[in-house]
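One structure is given below, encoded as structure tokens.
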Amino acid sequence: MKKSIFLILLIISSLICSAQLQVKEGSFKKVEGFVNINTEKMFDDNDRPYAVLKIKTENINDKQRRELSFGGDAQTFFETEYKDGEVWLYISYYATFLKISHPDLSSTEFWFPFDMEPKRGYELTLVNKPAIDEEIISRIEKLENSKTAVAGNPDNYGYIVIKTGSLEGATVYIDGEEMEMKTPFVSDPIEQGPHKIRVVMDGYETYSDIVAVEGKGMRTVNVDLKKEKKVNTVRKKGFVFIPEISAALEIGFHDDAVIDNHTMIMPQLNIEYMFGPKFGIGVGTGVMYFNNSFDAVPIYAQISYYLNNRKIAPFINLKIGSSINLGTHLYENGNRYIYDYKTSGLTGAITIGVNTNHSRIGLLFDIASLQYKYDSAGTDPTVKEKYYFIGLSYSYMIPFGKKE
Numbered sequence: 132m133k134k135s136i137f138l139i140l141l142i143i144s145s146l147i148c149s150a151q152l153q154v155k156e157g158s159f160k161k162v163e164g165f166v167n168i169n170t171e172k173m174f175d176d177n178d179r180p181y182a183v184l185k186i187k188t189e190n191i192n193d194k195q196r197r198e199l200s201f202g203g204d205a206q207t208f209f210e211t212e213y214k215d216g217e218v219w220l221y222i223s224y225y226a227t228f229l230k231i232s233h234p235d236l237s238s239t240e241f242w243f244p245f246d247m248e249p250k251r252g253y254e255l256t257l258v259n260k261p262a263i264d265e266e267i268i269s270r271i272e273k274l275e276n277s278k279t280a281v282a283g284n285p286d287n288y289g290y291i292v293i294k295t296g297s298l299e300g301a302t303v304y305i306d307g308e309e310m311e312m313k314t315p316f317v318s319d320p321i322e323q324g325p326h327k328i329r330v331v332m333d334g335y336e337t338y339s340d341i342v343a344v345e346g347k348g349m350r351t352v353n354v355d356l357k358k359e360k361k362v363n364t365v366r367k368k369g370f371v372f373i374p375e376i377s378a379a380l381e382i383g384f385h386d387d388a389v390i391d392n393h394t395m396i397m398p399q400l401n402i403e404y405m406f407g408p409k410f411g412i413g414v415g416t417g418v419m420y421f422n423n424s425f426d427a428v429p430i431y432a433q434i435s436y437y438l439n440n441r442k443i444a445p446f447i448n449l450k451i452g453s454s455i456n457l458g459t460h461l462y463e464n465g466n467r468y469i470y471d472y473k474t475s476g477l478t479g480a481i482t483i484g485v486n487t488n489h490s491r492i493g494l495l496f497d498i499a500s501l502q503y504k505y506d507s508a509g510t511d512p513t514v515k516e517k518y519y520f521i522g523l524s525y526s527y528m529i530p531f532g533k534k535e
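Take the sequence shown: its letters are residues 132 to 535, numbered as in the working numbering.
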């Protein structure tokens, strides 16, 4: 019993010592009507007007408030002015994030949810919040009382404690199983030995590690979740509907052909299944508008590959299939007549371009099979040619169905 009480006090004391600075959720806002008129702090080192950020504090005394330090990227400048219960921060209006640090109270980062304006006033609330609550204390007590329920010798079991600093509510996985409790997290009694942990939170990079648990011990893992870089919100596992339009100019040279240097326009409808943010396969069809008429319907399979999972990603798309002829056409070229002209057979395309969330735009290389007869002396045979095109393609990705 004494050992149990000691362990509880040890865990609680370790949590109390890890008090965390954090920006109060929803506290950042623009102060209507406030304009920076402090003539001594009007412009930063880039001669751009400052914005003013009023930082209100909770559970931070005056001495601690004056020991706060502020940082950002290399292009951001700061000047501070201490007020009663507040810190006024004169800050470059183009700042993207703010790092607030204290030698005894840890540090926190806040990413501005919208662009600030020069000379305008804003405010947020900074809180010094101990990383402990009644839920954790109650859970530790219950876990100690449940030791008799473990399989085998209770002395062969320990605990995993996972803390995510000022962030709370991250999902924890241990050995692939999702835990019900979010961070700050205390595990059930867990058998000694190595265990794989994973910490997941929306907007942050996933943290993974292998930790060793000792019998009757507590393994504490302090996780510094990194802000996730902008990722593509469309290319997730599941189906994507992709309307597409292509326009291309013929670049082939044919000794026998009399139809040269024409344009092709092809509206298309595609469906792809994304296996993740980088790879998808699908099928599609469309209508080939060639030589001023609707000539064929292509039916093809396609593969798309994206070089990364970021918001902006280079991609390559490959299509291959066959065209179904819509009819024959008669053309005149001087004294020569072309008849029984049709577009059918092998068709394919390669598109290389850039994807930005929903939109894809790229350089298109297309091939189409054409077949025609022509009469220059009355007896010329059927001619089959491959025609080559270069142009541009634009498509729009619309996710549907279940996403992971």
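The beta-carbon is built from N, C-alpha and C at its ideal position, and this holds for glycine as well.
Looking at the strands, I want to know which residues DSSP matches up with residue i.
i	result
residue 329	304, 339
residue 498	479, 519
residue 186	218, 255
residue 378	396, 523
residue 323	None, per the DSSP bridge assignment.
residue 491	486, 526
residue 439	DSSP lists no partner for residue 439.
residue 353	294
residue 365	Partner(s): none; residue 365 has no beta bridge.
residue 241	229
residue 211	220
residue 316	293
residue 161	253
residue 432	414, 451
residue 372	402, 529
residue 358	335
Tell me the residue span of the beta strand (DSSP E) that contains residue i.
i	result
residue 153	151-154
residue 230	228-233
residue 444	443-456
residue 310	Premise fails: residue 310 is in no beta strand (DSSP E) and is neither H nor E.
residue 414	410-417
residue 200	200-202
DSSP three-state call for residue i: helix, strand or coil?
i	result
residue 426	strand
residue 172	helix
residue 180	strand
residue 147	With a pLDDT of 46 at residue 147, under the threshold of 50, the modelled position of this residue cannot be trusted; read the value that follows with caution. Residue 147: helix per DSSP, three-state reduction.
residue 401	strand
residue 167	coil
residue 470	Because residue 470 sits at a pLDDT of 49, beneath the cut-off of 50, its placement in the model cannot be relied upon, and the following sentence gives the value as read from the coordinates. In this structure, residue 470 counts as strand in the three-state DSSP scheme.
residue 388	Reliability fails at residue 388, whose pLDDT of 46 lies under 50, so the model's placement of it is uncertain and the value that follows must be treated cautiously. Three-state DSSP puts residue 388 in coil, outside helix and strand.
Under 8 Å by Cβ, that's how I've got residue i and residue j pegged, so tell me the actual separation to the nearest angstrom.
i	j	result
residue 332	residue 367	So it is not a contact: roughly 17 Å between Cβ atoms.
residue 184	residue 254	7 Å
residue 187	residue 210	That pair is no contact at about 18 Å.
residue 521	residue 380	6 Å
residue 337	residue 329	6 Å
residue 419	residue 482	About 16 Å; that fails the 8 Å criterion.
residue 334	residue 358	7 Å
residue 298	residue 220	Contact flag wrong, Cβ pair sits at about 22 Å.
residue 417	residue 397	5 Å
Just reading off the alpha helix (DSSP H) that residue i is part of, what are its end residues?
i	result
residue 197	193-197
Could one say the Cβ of residue i lies closer than 8 Å to chain C's Cβ atoms, at least one of them?
i	result
residue 515	The displayed structure is made up of one protein chain only, and chain C is not part of it.
Taking contact to mean at least 3 C-beta pairs separated by less than 8 Å, is the region 480-490 in contact with the region 513-527? yes
Within 8 Å, do at least three Cβ pairs link the region 428-444 to the region 474-486? yes
Taking contact to mean at least 3 C-beta pairs separated by less than 8 Å, is the region 369-378 in contact with the region 393-408? Look at the beta carbons and you see the region 369-378 touching the region 393-408: at least three pairs across the two are nearer than 8 Å.
Answer yes if the region 198-213 comes into contact with the region 221-231, meaning at least three C-beta pairs across the two stretches below 8 Å, and no otherwise. yes
Taking contact to mean 3 or more Cβ pairs, one atom from each stretch, closer than 8 Å, check whether the region 245-254 and the region 287-294 are in contact. Too few Cβ pairs lie closer than 8 Å, so no.
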